[in-house]
Amino acid sequence: MPAPGSELQRPPAQPAEQKRGAEPQPQPQSQPQPPPHGELQYLGQVEHILRCGFQKDDRTGTGTLSVFGMQARYSLRDEFPLLTTKRVFWKGVLEELLWFIKGSTNAKELSSKGVKIWDANGSRNFLDSLGFSNREEGDLGPVYGFQWRHFGAEYKDKDSDYSGQGVDQLQKVIDTIKTNPNDRRIILCGWNPKDLPLMALPPCHALCQFYVVNGELSCQLYQRSGDMGLGVPFNIASYSLLTYMIAHITGLKPGDFIHTLGDAHIYLNHIEPLKMQLQREPRPFPKLRILRKVETIDDFKAEDFQIEGYNPHPTIKMEMAV
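According to UniProt numbering, the sequence shown is numbered sequentially starting from 1.
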């Protein structure tokens, strides 16, 4: 009699020997599966925060559900991650980035292009509430564009000429990609502790790093604070666009955009609109075309870009917390 349990150690039965001359049986071939839609990462993050987020107070007094530490990776190869489960304000993404690149800190300049997203932070009442009563309306202080193009310069006001002052981080990024693409210090930083008290709003998207391999340029953003309803879809598109622009200037192809979030939050008044968005199926991402050869980052114009095949679900209204 076999020892108890020995039957568990028996070798598996061998398949019957194939008869000589018999045709081999074809094995079923598995078809390669397409990668999952990139937008599912964003929707999964929203769903996770709704399910597991901690309720926290915030600067605006609105209240949030919050999770600390999230990451998503969006391919930029022959597609552009402009979310499709609601319409994203593409003109706003493009004009704001060109405004950053120009080094401007004047909200009225952007507003004149029909992009009002900085109006509230540059309003008379908001500036006065921060103690900036001596500033002209629209003067945001040394925010993103100033830090990108004049890091370390002394900020005076939105109209001063800062030519040649401070560190032009954006141009240094481009020069380093061209001359030393393996460098691990290709960083663009908007977080300047010395200047934070002078800013109408400290940078939410604080630092990004660029990475070159196999002829492709990738970008990773660290965003200290991410408003999942309004801000994050905008930020994904903005830094993806910046990657396309720098890749074009440096003769590379766009690779990936990696989005790392610190405090990823949903404002309480965005919960119902985001639940509606979660019911929608993502549609194919559009493509981004740059319509002419551009040699320098300052030479880009809004008409140089064309979004093709963007067929999003309708806009979902969400109120901005100020």
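Cβ atoms here follow ideal geometry from the backbone N, Cα and C, with glycine treated the same way.
Just so we're clear, the structure is a prediction, and the values are computed from it rather than from any experiment.
query, result
"Spatial distance of TYR310 from SER240 (CA atoms)", "16 angstroms"
"Minimum C-alpha distance to PHE257 - residue among ASP78, PHE54 and PRO203", "ASP78"
"With 16 other Cβ atoms within 10 Å as the buried cut-off, status of PRO11", "Bear in mind that the predicted position of PRO11 carries a pLDDT of just 40, short of 50, making it unreliable; the figure below should be weighed with that in mind. With fewer than 16 other Cβ atoms within 10 Å, it is exposed."
"Contiguous alpha helix (DSSP H) assignments of at least 4 residues, all confined to the segment 89 to 135", "90 to 102, 107 to 111 and 124 to 129"
"N-terminal and C-terminal residue of the alpha helix (DSSP H) that CYS204 is part of", "Note, CYS204: premise wrong, no alpha helix (DSSP H); not H, not E."
"Sheet register partners of GLY226 (DSSP bridge)", "ALA264"
"Option in PHE234, ASN134, ASN214 and VAL67 with minimal Cα separation from ALA247", "ASN214"
"First and last residue of the uninterrupted beta strand (DSSP E) at LYS287", "287 to 290"
"Cβ-Cβ separation, HIS270 to GLY229 (assumed contact under 8 angstroms), whole Å", "4 angstroms"
"Residue closest to ASN192, alpha-carbon to alpha-carbon, out of CYS204, CYS219 and GLY262", "CYS204"
"As assigned by DSSP and simplified to three states, the class of SER160", "coil"
"Extent of the continuous beta strand (DSSP E) run through GLN279", "Looking at the DSSP string, GLN279 is not in any beta strand (DSSP E), and its letter there is neither H nor E."
"Close Cβ partners of ASN121 (< 6 angstroms) along its chain, the five nearest in sequence each way excluded", "ALA200 and LEU201"
"Cα-Cα separation between SER225 and CYS189, rounded to whole angstroms", "15 angstroms"
"Minimum C-alpha distance to HIS48 - residue among THR315, ASP304, ASP299 and LYS275", "LYS275"
"Alpha-carbon spacing of PHE68 relative to GLY38, whole angstroms", "21 angstroms"
"For GLU308 and ALA302, the rounded distance between their alpha carbons", "15 angstroms"
"Span of the beta strand (DSSP E), counted from its first residue to its last, around ALA72", "64 to 75"
"For TYR211, the residue or residues it bridges with in DSSP", "SER218"
"Euclidean distance between Cα positions of PRO2 and LEU43", "Unreliable placement is indicated for PRO2, whose pLDDT of 41 sits below 50; the coordinate value is still reported in the next sentence. Looking at the two C-alpha atoms, the distance is approximately 57 angstroms."
"For PHE300, the three-state DSSP class (helix, strand or coil)", "coil"
"Alpha helix (DSSP H) segment containing LEU241, residue limits", "231 to 250"
"Where PRO254 falls: helix, strand or coil (DSSP)", "strand"
"LEU188, enclosing beta strand (DSSP E) - first and last residue", "187 to 189"
"Segment limits, beta strand (DSSP E) that includes LYS293", "Run containing LYS293: none; DSSP gives neither H nor E here."
"Distance, PHE100 Cα to ALA237 Cα", "14 angstroms"
"Pairwise C-alpha distance: GLN45 and GLY231", "14 angstroms"
"Three-state class that DSSP yields for VAL143 in the structure shown", "coil"
"Span of the alpha helix (DSSP H), counted from its first residue to its last, around GLU308", "Premise fails: GLU308 lies in the beta strand (DSSP E), 305 to 308, not in any alpha helix (DSSP H)."
"Strand pairing of VAL46, partner residues [DSSP]", "Looking at the DSSP assignment, VAL46 forms no beta bridge with any residue, so it has no partner."
"Straight-line Cα distance separating PHE151 from ALA264", "27 angstroms"
"Length of the line joining the Cα atoms of ASP128 and VAL212", "44 angstroms"
"LYS194, enclosing alpha helix (DSSP H) - first and last residue", "Element bounds for LYS194: n/a, residue is neither H nor E."
"Separation of PHE80 from LYS293, as counted between CA atoms", "19 angstroms"
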